[in-house]
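Undergrad:
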Amino acid sequence: SQPETVSSSGDHLPIPLALLALAATVALPPLVAYGAGPHTTPGTHTTWYLGATGALMATLTVRRRPWMAWTGIVVLAGWSISLLGPATALGLGLVGSTVWVGAAQFLVLALDRAALDTERLGEVQRVASAQSAAQGAQAHERRVQVNRVLLSAGDALARVIDRRGVLSDDERIEARVVEGRLRDELRGARLLDPEVRAALESVRRRGASVSLSDDGAIDDIGEEELGEIRAELADTLRSARSDRVYVRTSSDPRVAVTVVGRAARTIGLDEDDSVDLWREIERSPR
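Under this note's numbering, the residues of the sequence shown are numbered 141 to 426, in order.
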């Protein structure tokens, strides 16, 4: 694809001025030749317009009017060759004027490319900074959650030690819930948000066991899509009635998370016959 220009409209020479410069290129050679006379030997005083016109056309190129500049060079070549002859015109400045315009256009294109690359690099850096900030915030939130769970786990462990393992039913459930929270934070942090945490706790408090595992299969999913997956996971957990629930990220390119539930009465049966919940949370189409 052609490089985009990053110049502003103020860099372009106004059309009336560009046309005036082109008109000077058309008029200047015959006027100089007429003033010098037909028998004058070619020299600086009769060929100065070659360099002057080349400089003027190079200025047009820098001011974003390259087509007019090259039109002026063609006009200059026509006049100078017809008035001075090919060898004399080429030797006294036509080649230099053409090189000036070509060099000016090359420099303009190179500067445009450099400016565009700088702009793209800045955009990449902004995106990287935003992603780094988001990941830092997520890591901080994860540390806060883990510390909170560790504090709860420490309290629960202290009670177990104080009671020498003799706990009431409510205390056993609380210990199981705290243990599950800690495992969730360590093994499936990307799947967690307040809604999912609440749904997991609700499932455990009714006596079911839940296993949550993320092996990195959803690391490529963006935060917005991940929020939708978490919302669907929370809904699935709230409606689950299984005695054992397994939540796993999936390596299937179409599926983000798989939720499998088994009832206590079917434990020990054939695996296909024991499943009473099967839910695949799909990725967004790409």
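Cβ atoms here follow ideal geometry from the backbone N, Cα and C, with glycine treated the same way.
1) What residue from D324, A329, A371, P170 has the CA that sits closest to S351's CA?
2) The alpha helix (DSSP H) with S222 in it runs from where to where?
3) Taking just the CA atoms, how far does R204 sit from P154?
4) For the region 225-239 against the region 247-262, do three or more pairs of beta-carbon atoms, one drawn from each stretch, fall closer than 8 Å, so that the two count as touching?
5) Measuring only the C-alpha atoms, how far is V172 from T186?
6) Look at D355 and R388 and say whether their C-beta atoms are less than 9 Å apart.
7) Give the single residue among S353, A315, D302 whose Cα lies nearest to the Cα of L326.
8) Which residues mark the beginning and the end of the beta strand (DSSP E) in which A396 is found?
9) Taking 6 Å as the limit between beta carbons, can you name the residues of its chain near L157, skipping five residues before and five after?
10) Can you tell which of A329, A217, A348 has its C-alpha closest to the C-alpha of L377?
11) Relative to the C-alpha of R345, which candidate in E314, D359, E335, A274 has its C-alpha closest?
12) Can you tell me the Cα-Cα spacing of L162 and A209, whole angstroms?
13) I need the DSSP call for D375, collapsed to helix, strand or coil.
14) Is the region 260-278 touching the region 235-243, taking contact as three or more C-beta pairs under 8 Å?
15) Out of curiosity, what's the CA-to-CA distance linking P334 and Q265?
16) Give me the Cβ distance between A396 and E422, rounded to the nearest whole Å; I'm assuming they're in contact under 8 Å.
17) Do you know offhand how far P393's Cα is from A357's?
18) For my contact list, T165 and L224 are in at a C-beta cut-off of 8 Å; report their separation, rounded to the angstrom.
19) Would you tell me roughly how many angstroms separate the C-alpha atoms of D302 and R312, rounded to the nearest one?
20) What do you get for Y189, buried or exposed, if any count of 16 or more other CB atoms within 10 angstroms of its CB means buried?
21) Name the two residues that bound the continuous alpha helix (DSSP H) containing L340.
22) Just the C-alpha distance for D310 and V317, rounded to the nearest angstrom, thanks.
23) Are A198 and A244 touching if we call contact CB-CB under 9 Å?
24) Do R283 and L332 have their CB atoms nearer than 9 Å?
25) Is V215 close to chain C, meaning its C-beta is less than 9 Å from at least one C-beta of that chain?
26) Which residues bound the beta strand (DSSP E) around D427?
27) Could you give the first and the last residue of the continuous beta strand (DSSP E) run that contains R384?
TA: So, from the listed chains and residues:
1) Taking the first residue of the sequence shown as 1, we reach residue 351 at position 211. Residue D324 is the option with its Cα nearest to S351.
2) Residue 222 sits at position 82 when you count from the first residue of the sequence shown. S222 -> alpha helix (DSSP H) spans 206-224.
3) Counting from 1 along the sequence shown, the entry for residue 154 is found at position 14. Counting from 1 along the sequence shown, the entry for residue 204 is found at position 64. Rounded to the nearest angstrom, the two C-alpha atoms are 10 Å apart.
4) no
5) As a working note, residue 172 is residue 32 in the sequence shown. As a working note, residue 186 is residue 46 in the sequence shown. Answer to the nearest angstrom: the Cα atoms are 6 Å apart.
6) By 1-based counting over the sequence shown, the position of residue 355 is 215. By 1-based counting over the sequence shown, the position of residue 388 is 248. Result yes, Cβ atoms of D355 and R388 sit closer than 9 Å.
7) In the sequence shown, the residue the question calls residue 326 occupies position 186. With distances taken between Cα atoms, L326 lies closest to S353.
8) Here residue 396 is taken as the residue at index 256 of the sequence shown, counted from 1. Note, A396: beta strand (DSSP E), 395-402.
9) The count along the sequence shown starts at 1 and reaches residue 157 at position 17. Excluding sequence neighbours, L157 sits near nothing in its chain.
10) As a first step, residue 377 must be located in the sequence shown, where it is residue number 237. Per the Cα distances, A348.
11) Numbered from its first residue, the sequence shown carries residue 345 at position 205. For the residues E314, D359, E335, A274, the minimum Cα distance to R345 belongs to E314.
12) Taking the first residue of the sequence shown as 1, we reach residue 162 at position 22. Taking the first residue of the sequence shown as 1, we reach residue 209 at position 69. Between L162 and A209, the C-alpha separation is close to 8 Å.
13) Position 235 of the sequence shown holds residue 375. Helix, per DSSP.
14) no
15) Numbered from 1 along the sequence shown, position 194 holds the residue referred to as residue 334. Numbered from 1 along the sequence shown, position 125 holds the residue referred to as residue 265. In a straight line, the C-alpha of P334 is about 31 Å away from that of Q265.
16) Here the question's residue 396 lines up with position 256 in the sequence shown. Here the question's residue 422 lines up with position 282 in the sequence shown. Right, the Cβ-Cβ distance comes to about 7 Å (below 8 Å), so this counts as a contact.
17) The residue given as residue 393 occupies position 253 in the sequence shown. The residue given as residue 357 occupies position 217 in the sequence shown. Rounded to whole angstroms, P393 to A357 spans 9 Å at the Cα level.
18) In the sequence shown, the residue the question calls residue 165 occupies position 25. In the sequence shown, the residue the question calls residue 224 occupies position 84. Their Cβ separation, rounded to whole angstroms, is 16 Å, which puts T165 and L224 out of contact at 8 Å.
19) Here residue 302 is taken as the residue at index 162 of the sequence shown, counted from 1. Here residue 312 is taken as the residue at index 172 of the sequence shown, counted from 1. Between D302 and R312, the C-alpha separation is close to 14 Å.
20) Numbered from 1 along the sequence shown, position 49 holds the residue referred to as residue 189. By the 10 Å Cβ count, Y189 comes out buried.
21) Translated into positions along the sequence shown, residue 340 becomes position 200. It spans 334-345 - the alpha helix (DSSP H) in which L340 sits, taken as one unbroken run.
22) Numbered from 1 along the sequence shown, position 170 holds the residue referred to as residue 310. Numbered from 1 along the sequence shown, position 177 holds the residue referred to as residue 317. Whole-angstrom Cα-Cα distance: 10 Å.
23) If you number the sequence shown from 1, residue 198 lands on position 58. If you number the sequence shown from 1, residue 244 lands on position 104. In this structure, A244 lies closer than 9 Å to A198 by Cβ.
24) In the sequence shown, residue 283 corresponds to position 143, counting from 1. In the sequence shown, residue 332 corresponds to position 192, counting from 1. Cβ atoms of R283 and L332: not closer than 9 Å.
25) Structure shown: chain C not included; a single protein chain is present.
26) It is not possible to answer for residue 427, since the shown part of the chain is limited to 141 through 426.
27) By one-based count along the sequence shown, residue 384 stands at place 244. Start and end: 384-389.
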